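Here's the structure we're looking at; comments come further down.
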Amino acid sequence: MRDNVAPLKKDFDFLSKEELEELYVGLLRNLPKFKEKWDVVRFVYEFVTKKHGESVATKVAWRITKHFDTLFEKGKFVDFYLPTEAGVRLFEELIHHTEPMEPVPKQGVQLHLTAFFNISRGVSV
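The sequence shown finishes on residue 125 if you use my numbering, and the numbering steps up by one all the way, no holes.
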């Protein structure tokens, strides 16, 4: 799984830490709007276009599309796309510029997202 997202890391190198956080938070806050795969790709494309132009956004959108099933999955109990474990790990590694994290147990992804929301709101964990 780590190898599947490794090529994506270099496509996000041009985004600053603040831009990566803004994109990640934007994705998480807009999850209910992502009924189709293209809704997610469109969101990322529009975000990158505003920051870096269409040519860079097209490259990123193509890479997201190519690795979509690794990064996102349709929710089991909701009718929209959610980040997979690999998707969460990719953004965490990019934002914090860390080495690849150890895999999170399947049930741990929800706990990880809850912790992220608490941290972003300033609630101590």
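Glycine included, every Cβ here is placed at the ideal spot set by N, Cα and C. Note that the structure is a prediction, hence the values are computed from the model and not measured.
Could you tell me the distance, in whole angstroms, from the CA atom of residue i to the CA atom of residue j?
i: G108; j: R89; result: Interpretation of G108 is limited by its pLDDT of 49, a score under 50 that renders its predicted location unreliable; the figure taken from the coordinates is listed afterwards. Computed Cα separation, rounded: 12 Å.
i: K35; j: Y81; result: 6 Å
i: F91; j: Y24; result: 7 Å
i: L15; j: G53; result: 12 Å
i: P7; j: E21; result: 19 Å
i: K9; j: V78; result: 28 Å
i: L94; j: K66; result: 19 Å
i: K76; j: K59; result: 30 Å
i: D11; j: L28; result: 20 Å
i: D213; j: H96; result: Residue 213 lies beyond the stretch modelled for the chain, which goes from 1 to 125, so this question has no answer here.
Nearest CA to the CA of residue i: which residue from the options?
i: I64; options: L20, K37 and E21; result: K37
i: T70; options: G87, S55 and K76; result: G87
With distances taken between CB atoms, is the gap from residue i to residue j smaller than 7 Å?
i: A57; j: V41; result: no
i: K51; j: E18; result: no
i: F68; j: P83; result: no
Which same chain residues end up closer than 6 Å to residue i when comparing Cβ atoms and leaving out the 5 residues on each side of it in sequence?
i: Y45; result: A57 and A61
i: S55; result: none
Leaving out five residues before and five after residue i in sequence, what residues of the same chain have Cβ atoms less than 7 Å from its Cβ?
i: K74; result: Y81
i: D39; result: K33
i: T135; result: Outside the displayed span of the chain (1 to 125) sits residue 135, for which this structure offers no information.
What does DSSP give as the partner residues of residue i in its beta bridges?
i: L82; result: E73
Which residues in the same chain have their Cβ closer than 8 Å to the Cβ of residue i, if we skip the five residues on either side of it in sequence?
i: G26; result: F43 and F47
i: N30; result: F43
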